[in-house]
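Colleague: In UniProt numbering, the protein residues as written are 1 to 112.
By construction, the Cβ of each residue, glycine as well, lies at the ideal position given by its N, Cα and C atoms.
The structure's right below; bear with me while I get my questions together.
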Amino acid sequence: PGQLRRMNGALLTLWDLSPCIDVAALVLTELVTNAFQHGGGEDITVTWCADVTHLTMRVEDSSPVRPVLRTVDETSEGGRGLGIVEALADAWGVSEDGRTVHCALALADHTA
């Protein structure tokens, strides 16, 4: 996760999106952690794409099992990853084949 956060920071700095770094790093860390824990931990691909309105990040793993947003109680030690993504991202979803989770951050929310 540390190396991924550094890559995220370097890329977003290069793209002049530094105000998005912290939120993007948190969301991306949750998605990649889910891919490792529930997607088999092999062949994980991360992609970033930015346009004038959104930063979109995608995490693909090799598992055909669709990620599911869980309801957890306050005493649970895990299961909050997609809840964090849902709370911080402006949009998120899962591909039809269940292998890719994508999320979008509105740049206006982070660069104003």
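(1) Output the boundary residues of the alpha helix (DSSP H) element that contains LEU31.
(2) Check ARG5 in the structure and name its three-state DSSP category.
(3) Below 8 Å, is the gap between the Cβ of PHE36 and the nearest heavy atom of the ligand GDP?
(4) My guess is that THR100 and GLU60 are in contact by the Cβ rule of under 8 Å, so how many angstroms apart are they, rounded?
(5) The alpha helix (DSSP H) with VAL85 in it runs from where to where?
(6) If you compare alpha carbons, which of ASP16, CYS49 and PHE36 is closest to GLY81?
(7) Expressed to the nearest angstrom, what Euclidean distance is found between the alpha-carbon atoms of LEU88 and SER62?
(8) Which residue's Cα is closest to the Cα of MET7: VAL46, SER95, GLY98 and GLU30?
(9) What separation, rounded to the nearest whole angstrom, lies between the Cα atoms of LEU105 and ALA91?
(10) Below 9 Å between beta carbons: does that hold for LEU107 and ALA25?
Modeller: In short:
(1) 21-38
(2) In the three-state DSSP reduction, ARG5 falls in the helix class (H, G or I).
(3) Here there are no bound small molecules, and the ligand GDP is not part of this structure.
(4) 4 Å
(5) 81-88
(6) PHE36
(7) 25 Å
(8) VAL46
(9) 7 Å
(10) no
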